[in-house]
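Peer 1: Top to bottom, those sequences are chains A and B. Heads up: the first sequence begins at 0 in numbering that gives the first Met the number 0, then just goes up one per residue. Heads up: the second sequence begins at 0 in numbering that gives the first Met the number 0, then just goes up one per residue. Starting off with a structure, shown below.
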Amino acid sequence: MPMVLLECDKDIPEREKHIYLKVDGEDTRDFLPVSNAQTIPGTLSERGCAFCGAKLVIGGVLKDTIQMIHGPIGCAYDTWHTKRYPTDNGHFNMKYVWSTDMKESHIVFGGEKRLEKSINEAFDEMPEIKRMFVYTTCPTALIGDDIKAVAKKIMQERPDVDIFTVECPGFAGVSQSKGHHVLNIGWINEKVGTLEPTITSEFTMNFIGDFNIQGDTQLLNQYWDKLGIQVIAHFTGNGTYDDLRCMHRAQLNVVNCARSSGYIANELKKQYGIPRLDIDSWGFSYMEEAIRKICAFFGIEDRGEKLIAEENAKWKGKLDWYKERLKGSKMAIWTGGPRLWHWTKSVEDDLGVQVVAMSSKFGHQEDFEKVIARGQAGTYYIDDGNELEFFEIIDRVRPDVIFTGPRVGELVKKLHIPYVNGHGYHNGPYMGFEGFVNLARDMYNAVHNPLLKLAATDIRVKEVVAYREAAE
Amino acid sequence: MTSPAHNTKADQLFSYVQERCLWQFFSRTWDRKENIEGIVNAAGELLTGKQPPRHTPMEKLFYADAVIMVADFRQRFPWIESENPSHIHEILGVLKEKLVDISITNSKNHELSHSLY
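The structure is reproduced here in structure tokens:
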């Protein structure tokens with residue numbers, strides 16, 4: 000019974016293996032959704048491509064690096080500006096986008112010369128920038144353009160520049176997850192250990208798997224500064240290319256997003272003996288726990304307790320105000336993967352919110368092990384969900400708010416259900432103490448906003464039109 | 000042979016760990032095994048009034064995870080304070096077995112035994 004075949008999936012019964020309804024007394028030994036598997040023909044997946052996972056999620060975050068996309072112009076535009084990761088140097092990464100703008104003739108006759116010209120042109124136009132990522136895309140991978148050879152030639156001709164190549168075309172994997180993997184492994188093998196950092200503290204760490212969404216990294220960095228911990232590299236929120244080359248010198252790897260960045264943490268442990276500490280950064284209880292663990296590792300527990308007390312004094316009252324008003328609300332989380340398990344208990348414990356359905360675009364079975372262990376019975380756990388399934392699940396669980404991306408968000412707004420941007424946030428940051436108050440505020444504004452209910456009323460007729468109309 | 004009372008107590012600790020601890024869900028079998036062994040052993044030391052070693056980076060890591068978990072155990076399960084050391088080790092032994100069973104032996108996660116990360 001617990002694996003669920005939805006009515007809309009009756010013609011693609013394979014989907015049953017991807018949707019789980021947790022029942023009391025069961026655990027992941029009994030049922031675990033199939034995930035990180037090829038999308039089933041007949042279902043319209045909402046996944047991104049492998050190239051997108053490398054560029055949009057990880058590489059494009061860096062604040063001092065040209066992101067050269069070797070492919071048609073759309074590959075550049077569609078992975079630019081759809082995430083909001085500011086930087087402290089004027090948002091260089093969000094102001095510019097670079098592409099070799101491949102056309103038919105370049106596909107026919109080869110694109111390496113065009114790539115070489117584009118790289119030189121980019122460095123010439125931005126002489127203060129000396130670092131670059133170059134990405135293959137589907138067409139340039141298919142025609143066999145050797146981007147590594149081009150990068151090597153340019154690095155010989157321009158000794159002051161450094162270039163990292165990411166050979167991960169869109170078709171390389173079943174979802175964007177493959178792009179995370181390829182970039183992680185490529186970076187550790189080719190770039191980590193090629194530069195030495197300046198050590199300024201006796202306590203050093205890398206902060207891995209946080210992408211400064213609306214300032215998350217910058218907010219958390221205030222904590223690490225107060226604790227006297229030097230972050231050698233942020234992978235990759237508000238980070239720099241050269242800092243990431245120095246990751247081998249940290250004493251500890253602190254991992255937030257284990258899905259996008261667990262690979263490099265594992266390799267840093269294997270190759271350099273640096274331990275990996277996984278934490279949750281969203282929610283008061285989790286943030287306190289994370290600070291305590293990091294401080295226990297370094298033996299600076301007193302500093303941690305002081306920081307926790309200061310932050311609670313500043314923010315706990317505000318959190319409780321929202322908790323009082325959000326208690327009992329029902330929430331759905333339809334995001335990439337890790338936010339399911341990061342958020343389900345934190346909104347339950349810190350805000351009294353019940354998570355009734357969760358869908359992951361690119362999570363692996365490891366992510367489902369985590370979320371099923373943490374989530375409630377009676378909740379749906381979905382891998383690679385599609386729109387029709389979302390409609391049906393909404394009918395079953397009736398959420399008050401859905402945390403998802405803008406695209407699905409616009410869809411559910413037509414059903415007059417409020418959404419909050421679960422990827423790029425509405426008004427973040429959402430991490431840390433202050434951040435979780437921001438999340439609570441956005442959730443409160445969504446749940447209690449009267450506009451969506453008013454919009455469901457057709458004032459031309461006396462009867463209220465059911466909100467379900469849009470789905471029919 | 001573990002007593003039913005100890006089994007029940009180990010179940011309570013197991014539920015806490017499942018819900019709260021990310022270290023049991025690391026990427027591969029060997030990582031999970033190392034974490035379960037290291038952290039539960041460090042917790043045993045702490046719960047029996049000893050100080051686990053903190054010399055190597057991994058020992059420091061196990062201590063950091065264990066010390067938070069033990070503080071939560073003490074807060075949530077007051078019975079733990081009145082257990083003698085041999086009972087503590089017995090209960091934690093059962094906890095370890097349960098964690099190995101769910102996260103390794105009977106895990107349905109197909110990626111656990113890949114040789115590469």
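For each residue, glycine too, the CB sits at the ideal point set by N, CA and C.
1) Between which two residues does the alpha helix (DSSP H) containing K225 (chain A) stretch?
2) If you follow the beta strand (DSSP E) that M330 (chain A) is part of, which residue opens it and which one closes it?
3) If you reduce the DSSP assignment to three classes, tell me which class M286 (chain A) lands in.
4) May I ask you to verify whether the region 392–405 of chain A touches the region 290–301 of chain A, counting CB pairs closer than 8 Å and requiring at least 3?
5) For the region 245–262 of chain A against the region 186–195 of chain A, do three or more pairs of beta-carbon atoms, one drawn from each stretch, fall closer than 8 Å, so that the two count as touching?
6) Does DSSP put F206 (chain A) in a helix, a strand or coil?
7) Using DSSP's beta-bridge definition, name the partner residues of L20 (chain A).
8) In angstroms, rounded to a whole number, what distance separates the CA positions of M2 (chain A) and E13 (chain A)?
9) Mind listing the chain B neighbours of D26 (chain A)? Cutoff is C-beta to C-beta under 7 Å, in chain order.
10) Rounded to whole angstroms, what's the CA-CA distance from N444 (chain A) to K329 (chain A)? Just pull it up for me.
11) Express the C-alpha separation of P51 (chain B) and G423 (chain A) in angstroms, rounding to a whole number.
12) Let me confirm a value: L450 (chain A) is counted as buried when at least 16 other C-beta atoms fall within 10 Å, else exposed. Which label applies?
13) Skipping 5 residues on each side, what residues in its chain have a beta carbon closer than 7 Å to that of K8 (chain B)?
14) Straight-line CA distance for P84 (chain B) to L45 (chain B)?
15) Could you give the residue range of the beta strand (DSSP E) that holds R130 (chain A)?
16) Starting from D71 (chain B), follow the beta strand (DSSP E) in both directions and report where the run begins and ends.
17) May I ask which residues mark the beginning and end of the alpha helix (DSSP H) holding F418 (chain A)?
18) Would you kindly work out how many angstroms separate the C-alpha atoms of A470 (chain A) and F210 (chain A), rounded to a whole number?
19) In the DSSP assignment, the alpha helix (DSSP H) including T7 (chain B) goes from what residue to what residue?
20) Using only the alpha-carbon positions, how far apart do K88 (chain B) and E287 (chain A) sit?
21) Residues in its own chain within less than 8 Å of H113 (chain B) by CB, not counting five upstream and five downstream?
22) Roughly how many whole angstroms lie between the Cα atoms of W342 (chain A) and R406 (chain A)?
23) Comparing the C-beta of Y15 (chain B) with each C-beta of chain A, is any distance below 8 Å?
24) Is K112 (chain A) buried or exposed, if buried means 16 or more other CB atoms sit within 10 Å of its CB?
25) What alpha helix (DSSP H) runs, 4 residues minimum, are completely inside the region 48–110 of chain A?
26) So with Cβ pairs under 8 Å, would you call E266 (chain A) a contact of chain B?
27) Hey, would you say I187 (chain A) sits closer than 8 Å to L276 (chain A), going by beta carbons?
28) Contact criterion: CB-CB distance below 8 Å. Does F283 (chain A) meet it with respect to chain B?
29) Assuming P428 (chain A) and I212 (chain A) form a contact by the criterion Cβ under 8 Å, report the distance between their Cβ atoms to the nearest whole angstrom.
30) Given a limit of 8 Å on CB to CB distance, which residues of the region 243–264 of chain A reach chain B?
31) What are the residues of the region 54–72 of chain B that lie near chain A, defined by any Cβ-Cβ distance shorter than 7 Å?
32) Starting from D161 (chain A), follow the beta strand (DSSP E) in both directions and report where the run begins and ends.
33) Excluding the 5 residues preceding and the 5 following N88 (chain A) in the sequence, name in chain order all residues of the same chain whose CB lies nearer than 8 Å to its CB.
34) For S44 (chain A), collect the residues of the same chain with a Cβ closer than 7 Å to its Cβ; drop the 5 residues on either side in sequence, then sort them by chain order.
35) Since L318 (chain A) contacts M442 (chain A) with CB under 8 Å, what's their CB separation in whole angstroms?
36) Say whether chain A places a C-beta atom closer than 8 Å to the C-beta of K107 (chain B).
Peer 2: Concretely, from the data shown:
1) Along the first sequence, one-based indexing puts residue 225 (chain A) at 226. Residues D215 to L226.
2) As a first step, residue 330 (chain A) is located in the first sequence; it is residue number 331 there, counting from the start. First-last of the beta strand (DSSP E) with M330 (chain A): K329 to T334.
3) Here residue 286 (chain A) refers to the residue found at position 287 when the first sequence is read from its first residue. In the structure shown, M286 (chain A) sits in a helix (DSSP, three-state: H, G or I).
4) no
5) yes
6) In the first sequence, the residue the question calls residue 206 (chain A) occupies position 207. Strand.
7) For this step, residue 20 (chain A) is matched to residue 21 along the first sequence. Note: L20 (chain A) sits in a beta bridge opposite A:Y379.
8) Numbered from 1 along the first sequence, position 3 holds the residue referred to as residue 2 (chain A). Numbered from 1 along the first sequence, position 14 holds the residue referred to as residue 13 (chain A). Answer to the nearest angstrom: the Cα atoms are 11 Å apart.
9) Taking the first sequence and counting its residues from 1, the one referred to as residue 26 (chain A) is at position 27. Correct list: I101.
10) Indexing the first sequence from 1 puts residue 444 (chain A) at position 445. Indexing the first sequence from 1 puts residue 329 (chain A) at position 330. Going by the C-alpha atoms only, they are around 14 Å apart.
11) Taking the first sequence and counting its residues from 1, one reaches residue 423 (chain A) at position 424. Taking the second sequence and counting its residues from 1, one reaches residue 51 (chain B) at position 52. Those two C-alpha atoms are separated by around 42 Å.
12) As a first step, residue 450 (chain A) is located in the first sequence; it is residue number 451 there, counting from the start. Burial call: exposed.
13) Here residue 8 (chain B) is taken as the residue at index 9 of the second sequence, counted from 1. If we look at K8 (chain B) and ignore the five residues flanking it on each side, its Cβ neighbours are W78 and I90.
14) Walking along the second sequence from the start, residue 84 (chain B) turns up at place 85. Walking along the second sequence from the start, residue 45 (chain B) turns up at place 46. Each residue's alpha carbon lies about 10 Å from the other.
15) Taking the first residue of the first sequence as position 1, residue 130 (chain A) is located at position 131. Residues R130 to T135.
16) Against the second sequence, residue 71 (chain B) aligns to sequence position 72. Segment P56 to R75 is the alpha helix (DSSP H) holding D71 (chain B); no beta strand (DSSP E) there.
17) One-based indexing of the first sequence puts residue 418 (chain A) at position 419. Per the sequence presented here, residue 418 (chain A) reads as Tyr, with Phe not at that position. Here Y418 (chain A) belongs to no alpha helix (DSSP H); instead the beta strand (DSSP E) covers Y418 to N420.
18) The residue labelled residue 470 (chain A) in the question sits at position 471 within the first sequence. The residue labelled residue 210 (chain A) in the question sits at position 211 within the first sequence. Confidence is the limiting factor: at A470 (chain A) the pLDDT is only 48, short of 50, which leaves the residue's position unreliable, though a coordinate-based value still follows. Cα-Cα distance, rounded: 35 Å.
19) On the second sequence, position 8 is the one that residue 7 (chain B) refers to. Segment P3 to R19, the alpha helix (DSSP H) holding T7 (chain B).
20) As a position in the second sequence, residue 88 (chain B) is number 89, starting the count at 1. As a position in the first sequence, residue 287 (chain A) is number 288, starting the count at 1. Note that residue 88 (chain B) is His in the sequence shown here, rather than Lys. Going by the C-alpha atoms only, they are around 28 Å apart.
21) Residue numbering aside, residue 113 (chain B) sits at position 114 when the second sequence is read from its first letter. Around H113 (chain B): R27.
22) As a first step, residue 342 (chain A) must be located in the first sequence, where it is residue number 343. As a first step, residue 406 (chain A) must be located in the first sequence, where it is residue number 407. When rounded, the distance between both Cα atoms is 21 Å.
23) To locate residue 15 (chain B), count along the second sequence from 1; it is residue 16. Not an interface residue.
24) Taking the first residue of the first sequence as 1, we reach residue 112 (chain A) at position 113. With fewer than 16 other Cβ atoms within 10 Å, it is exposed.
25) 72–76, 91–94 and 103–108
26) Looking up residue 266 (chain A) in the first sequence gives position 267. So, interface residue.
27) Mapped onto the first sequence, residue 187 (chain A) falls at position 188. Mapped onto the first sequence, residue 276 (chain A) falls at position 277. It is not a contact, given that the beta carbons lie outside the stated cut-off.
28) Residue mapping note: residue 283 (chain A) aligns to position 284 of the first sequence, counting from 1. Not an interface residue.
29) Counted from its first residue, the first sequence places residue 428 (chain A) at position 429. Counted from its first residue, the first sequence places residue 212 (chain A) at position 213. Contact holds; Cβ gap of about 7 Å.
30) Q250, L251, A257, G261 and Y262
31) P56, M57, K59, L60, Y62, A63, D64, V66 and I67
32) As a position in the first sequence, residue 161 (chain A) is number 162, starting the count at 1. Its beta strand (DSSP E) spans residues D161 to V165.
33) To locate residue 88 (chain A), count along the first sequence from 1; it is residue 89. K62 and D63, listed in sequence order.
34) Within the first sequence, numbered from 1, the residue matching residue 44 (chain A) stands at position 45. T38, D383 and N385, listed in sequence order.
35) Counted from its first residue, the first sequence places residue 318 (chain A) at position 319. Counted from its first residue, the first sequence places residue 442 (chain A) at position 443. About 12 Å separates the two Cβ atoms, so there is no contact after all.
36) Indexing the second sequence from 1 puts residue 107 (chain B) at position 108. Yes, its Cβ sits closer than 8 Å to a Cβ of chain A.
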